[in-house]
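Numbering (the UniProt record's numbering), first residue to last: 1 to 722.
Every residue, glycine too, gets a C-beta built ideally from N, C-alpha and C.
Comments concern the structure below.
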Amino acid sequence: RARGWADAIIYRDNRWWRYAQWAVTALALTAVVLLPFSPVAPGGWLRPAGSLVPVAVWWGVIGGRQRFLTRMQRGAAEGIRRIAAATLHYPRTKGALMSLATWLNLTTGWKAVRVTEWDTTRDGTPIIPRVFEVMAPGDLSVTDNKAWTEFEANLTAKYPRRSGWHVARKPNGSGAIVSPARYPVSAIWNGDVDNDNPMGFYIGESIDHPDSVQRLDLVNPSNHALVVGATGAGKTPAIEPIIAQNILKTMPWDPTLHGSAHILDPKGPLASRWAGRPGVLCSRGNADGTNAEGDDISGFEVMASHCDLIEDEHRRRQEVLASYSDCSNWLELPDAVKAAHQLSPVLVVLDEFLDHTGKETAQGREAEQIKRDNAARAHILFMTSLWERKARNVGIHVIIISQEAKMTEIGSTRVRMAPVRIMAGRLDDVACKGFFSVAGSEMPYMPTTRRSASPSGEVIERPIPGRCYVQMATGQPVKRFQAYWFGGSSNTGTLDRYLPRNRQPGAGIFDGDAARVRIAAMEDLDNNGVPDAWEQPEDALPSTPRPVGSDDDTSPDDWAPLPHAGDAPASLSGSPRCTYNGCRAEGDYTCPRNGALYCPDHTGPSPDPSEHGRFGQDYLDTHPLNRAGAAGIYREVGARARSAGLVASWAPIAGTDGNLTNQARITVTTSESKLVAIILAAPGSVQARTALNRQGVQGSEASFNAVWTAIDTQLAHNKTAN
């Protein structure tokens with residue numbers, strides 16, 4: 001450690017450090033002249049020699065150390081340069097234009113950047129600066145996520161470092177800064193709550209933007225969340241700080257009012273950790289209840305009955321909102337109304353989702369109970385799907401935690417209705433594509449596992465808890481963050497501090513006795529022990545009241561309006577209405593992207609031909625291709641590319657802050673991913689660069705001509721090759 005600090009001081013290369021170096025040398029030489037050689041005087045011959053000691057120490061010891069560190073710095077730069085040359089595909093013809101001095105420079109394309117931050121290598125070698133700048137090749141866009149992600153992954157694999165590397169692309173597109181990655185090992189939630197935003201939460205420390213927090217806002221269109229991850233990756237702990245913050249929040253319209261949460265946990269650990277804490281009601285699938293009379297009820301039946309309790313609150317809220325036809329969601333209600341009806345956010349957390357899917361079979365004595373359990377499972381899935389479609393406008397938000405990203409098991413409809421996607425750890429490429437609509441090779445790199453020795457001595461890869469990816473809505477960039485947890489040996493450290501538990505038995509638990517009361521009150525016409533509403537949920541559940549402009553898809557045919565509803569014009573009552581920008585026409589089409597209702601005038605085809613069907617105007621207005629004015633360009637280029645046997649794709653362009661800009665990139669490649677042409681489109685601006693013209697052209701006409709020429713040339717080459 002002492003040598004490391006010494007190296008941090010020695011390895012300086014600034015003006016004042018050089019001034020000091022030459023000043024010491026000048027003083028030493030002056031001392032040699034002023035202290036002449038005197039063999040008669042005692043020790044006189046040592047005086048001039050002694051004056052040379054500082055110079056010798058400076059140039060011999062400190063200077064030698066500097067040269068050694070410089071060589072290590074140059075070696076590190078050369079190693080990174082080779083990885084960059086192999087990954088980022090430097091053009092071969094570019095070297096012909098380089099000067100001799102550039103060719104002789106081993107760090108061509110790379111140059112060390114002087115910084116004040118230092119780092120130690122894994123093998124214990126001295127501390128040296130590890131920050132470099134890579135110059136982007138002429139044919140590589142700084143927005144080429146696939147190339148830069150591949151480079152970062154190769155850098156970590158071939159030039160390993162304990163916590164990895166961080167590649168920050170420069171805003172001007174000239175290259176990127178490569179620096180030591182500062183991935184937090186863990187992040188403990190310290191009780192921070194955003195009381196000013198009822199639907200805003202802090203979910204962890206951002207990895208894309210160090211020293212900043214990652215937020216989650218459960219507002220349209222990001223009303224519900226789907227969380228997946230392997231065992232041990234930290235998918236469940238990543239959600240728990242959201243529950244804690246929702247309960248601790250005070251509502252601006254009533255400082256005494258807090259949010260609440262319902263937890264349905266088939267296996268029990270999550271519910272057991274939260275049972276007895278204020279504002280939380282839990283039900284556990286592993287807690288089969290038997291009363292004094294021997295009447296059994298399974299845990300799945302308890303959770304299904306818990307869903308009916310939540311549905312009562314859903315109906316109550318819909319009834320309140322239905323009486324204010326000029327409000328499309330609960331946040332638009334007057335503060336006095338929200339305070340009077342005790343309205344605050346409600347989270348419904350369904351853990352271990354795959355445990356609810358499928359049906360079990362049995363014979364004999366267990367057959368009747370299995371039938372009841374299957375009906376209960378189906379009812380739980382139906383109710384959570386119902387809330388995802390119809391309860392978001394009244395402040396009920398569903399968070400589903402699944403062991404795997406199995407789209408076939410979770411269902412495309414449910415995935416679509418949960419725009420917020422969180423993945424703990426890194427799953428396979430197929431899962432990334434189905435979950436984020438982003439290929440695994442284009443996902444931003446982040447180490448999610450670490451090597452550790454098992455008790456048997458075998459070195460295995462283990463997940464790093466809390467390393468997560470998040471996408472706030474379809475089409476938005478995927479961000480990286482280290483999820484918060486509570487700390488302590490059982491993940492209850494700060495949770496116990498801010499939300500202490502009521503230790504009384506049964507506190508905060510929706511148990512078998514409560515479920516029996518509700519089930520006994522429900523109709524069971526065939527007397528088979530399964531409520532009719534659970535066997536035929538679509539027919540048994542009444543349609544929920546729906547205010548004008550909400551995103552529900554039912555009509556209030558069996559709900560009597562509250563007295564206030566009489567003030568609304570008759571033209572605004574009845575069938576559902578279009579939700580686009582104040583339109584009150586009858587809405588008869590649900591957008592498959594955001595689930596909202598639209599009239600025929602506010603629906604249309606997607607600018608991306610791969611998206612079939614019609615979509616709502618809100619989705620079309622925010623589509624990256626439309627925002628960039630590139631919808632027509634992509635259709636024309638795509639048709640021309642397909643006719644030539646090429647592949648056309650598009651991607652939005654994000655800024656340095658991670659947010660999407662009004663720009664889009666259209667790429668034409670061969671089936672082997674060889675670049676043919678790139679078009680950068682923005683409102684009123686079109687640029688193109690092709691394999692034949694790497695300098696690029698600007699303007700619509702020039703860009704199209706360059707792209708057509710590149711496609712025709714590639715088509716002719718393919719025909720010749722065949």
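Asked	Found
Contacts around residue 501, its chain only, beta-carbon distance under 7 Å, and the 5 residues preceding and following it disregarded	276 and 277
Under 8 Å between C-beta atoms of residue 265 and residue 404	no
Pairwise C-alpha distance: residue 232 and residue 460	14 Å
Beta carbon of residue 283 nearer than 8 Å to that of residue 486	no
Three-state secondary structure assigned by DSSP to residue 254	strand
Contact check, residue 344 vs residue 257, beta carbons under 8 Å	yes
One or two residues paired with residue 262 in a DSSP bridge	281 and 348
Strand pairing of residue 577, partner residues [DSSP]	586
Reduced DSSP secondary structure (H/G/I, E/B, other) of residue 543	Any reading at residue 543 must be qualified, since the residue scores a pLDDT of 38, below 50, and its modelled position is unreliable; the value itself is stated next. It is coil, neither helix nor strand.
Pairwise C-alpha distance: residue 709 and residue 697	13 Å
Residue 204 classed as buried or exposed, judged by whether at least 16 other C-beta atoms fall within 10 angstroms	buried
Residue range of the unbroken beta strand (DSSP E) whose run includes residue 168	165-169
Within 8 Å, strictly: CB atoms of residue 347 and residue 261	yes
Residue 393 burial status per 10 Å Cβ neighbour count (16 or more: buried)	buried
Beta strand (DSSP E) runs wholly inside the segment 176-249, at least 3 long, in chain order	200-206, 213-217 and 225-229
Under the three-state DSSP convention, the category residue 391 falls into	coil
Residue burial classification, residue 743 (beta-carbon count within 10 angstroms, cutoff 16)	Given a span of 1 to 722 for the chain in the structure shown, any question on residue 743 remains unanswerable.
Nearest-angstrom beta carbon gap, residue 270 and residue 236 [assumed within contact, 8 Å]	6 Å
Nearest-angstrom Cβ-Cβ length linking residue 630 and residue 677, presumed shorter than 8 Å	Going by Cβ atoms, the distance from residue 630 to residue 677 rounds to 14 Å, so no, they are not a contact pair.
Segment contact, 8 Å Cβ cut-off, at least three pairs: the segment 301-309 with the segment 509-524	yes
Alpha helix (DSSP H) runs contained entirely in the segment 580-635, provided each spans 4 or more residues	617-622 and 624-627
Residue 222 classed as buried or exposed, judged by whether at least 16 other C-beta atoms fall within 10 angstroms	buried
Residue 30 classed as buried or exposed, judged by whether at least 16 other C-beta atoms fall within 10 angstroms	exposed
Beta-carbon gap between residue 623 and residue 606 smaller than 8 Å	yes
Where residue 646 falls: helix, strand or coil (DSSP)	coil
Integer-rounded CB distance, given that residue 424 should sit under 8 Å from residue 234	5 Å
Exposure of residue 185, with buried meaning 16 or more beta-carbon neighbours within 10 Å	exposed
Burial state of residue 581, where buried means 16 or more other Cβ atoms lie within 10 Å	exposed
Continuous beta strand (DSSP E) stretch holding residue 342: start and end	Segment: none, residue 342 is in no beta strand (DSSP E) and carries neither H nor E.
Segment contact flag, the segment 665-677 with the segment 638-646, C-beta cutoff 8 Å, min 3 pairs	yes
Residue 451 to residue 618 span [Cα, whole Å]	46 Å
DSSP-derived helix/strand/coil call for residue 654	strand
Within 8 Å, strictly: CB atoms of residue 218 and residue 341	no
Residue 495, enclosing alpha helix (DSSP H) - first and last residue	493-498
DSSP-derived helix/strand/coil call for residue 417	helix
Length of the line joining the Cα atoms of residue 335 and residue 322	16 Å
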